[in-house]
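Chemist: In the working numbering, the protein residues as written are 10 to 205.
For every residue, glycine included, the Cβ atom is placed at its ideal position computed from N, Cα and C.
Sharing a structure below in structure tokens format, with a few things to ask.
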Amino acid sequence: MRIRDTNKVELVKQKAIGLFAAGGIEGFSMNKLAKACDISVATLYIYYKDKDDLIIQIAMEEGKRMHSITLKDFDPELPFADGLRLQWKNRAKFMMEHPLSMSFFEQLRSSTYHDKVMGSITGDFKEIMGKFTKNAIERGELMKLPVEVYWSVAFAPLYSLLRFNSTGTSLGGKPFTLNDKILWQTFDLVIKALKP
């Protein structure tokens, strides 16, 4: 039995994420991945049972990494504006430093793997963020809203700015680069919208 080569595992993971981002999850194949890694398909099966196992394992690893970065220095007891600001800072950092991972997560959301993966990678994160919003509501810093409305107001503006930044263009093809002034101006509007 061959031993796992950690460098090769990392190469496989990075190439897989690149292929997911470029061609989507449903168009992905183990043969394409083996070719991209310049290894045999048989080598992939040393590391993963099959295509499903590979996708699920990579999604779970990337999800844990994303949550670790997103929750860095975060405490659900923080005042709402401070906690949300830190969330924006951490999420923007992750998305700007790991654009292929973000594209991979977008692919997961609209794939058959969504239910298999998302529930298992959001456990602690969901609990921490739930406690944060509950505390903010109890302190009168945040109005009580359905979770979908809260998320749409609290985070969708950030993700829109980051999408504009990743493509380098804004509406109508106008050049765009995200800067602190635009980021925090948008954040201030979000805070105003969420106050009771």
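(1) Using 8 Å as the cut-off, can you tell me whether the region 32-39 makes contact with the region 53-61, which would need three or more C-beta pairs spanning the two stretches below that distance?
(2) By DSSP, does Thr52 sit in helix, in strand, or in coil?
(3) Quick one: give me the first and last residue of the alpha helix (DSSP H) that Met39 is part of.
(4) With a threshold of 7 Å on Cβ separation, who are the neighbours of Val50 within its own chain once the five nearest residues in sequence on each side are excluded?
(5) For the putative contact between Leu170 and Ile191, defined by C-beta atoms under 8 Å, what is the C-beta separation to the nearest angstrom?
(6) Does Met10 come out as helix, strand or coil in the three-state DSSP assignment?
(7) Which residues in the same chain have their Cβ closer than 6 Å to the Cβ of Trp97, if we skip the five residues on either side of it in sequence?
(8) Cα separation between Ile34 and Ala25?
(9) On a CA-only basis, which of Phe134, Ala101, Lys143 is nearest Phe173? Give me that one, please.
Modeler: The relevant details are as follows:
(1) A contact between stretches requires three or more CB pairs, one per stretch, nearer than 8 Å, and the region 32-39 meets this requirement with the region 53-61.
(2) Shown here, Thr52 sits in a helix according to DSSP, grouped into three states.
(3) DSSP places Met39 inside the alpha helix (DSSP H), whose first and last residues are 39-46.
(4) Taken in chain order, the residues that qualify are Met39, Asn40, Ala43.
(5) Right, their Cβ atoms sit about 7 Å apart.
(6) Residue confidence for Met10 is low, a pLDDT of 43 falling below 50, so the modelled location carries little weight; the figure read from the coordinates is stated next. Note: Met10 maps to coil in three-state DSSP.
(7) Around Trp97: Leu167, Phe196.
(8) Ile34 and Ala25 have their C-alpha atoms some 9 Å from each other.
(9) Phe173 has its Cα closest to that of Ala101, out of Phe134, Ala101, Lys143.
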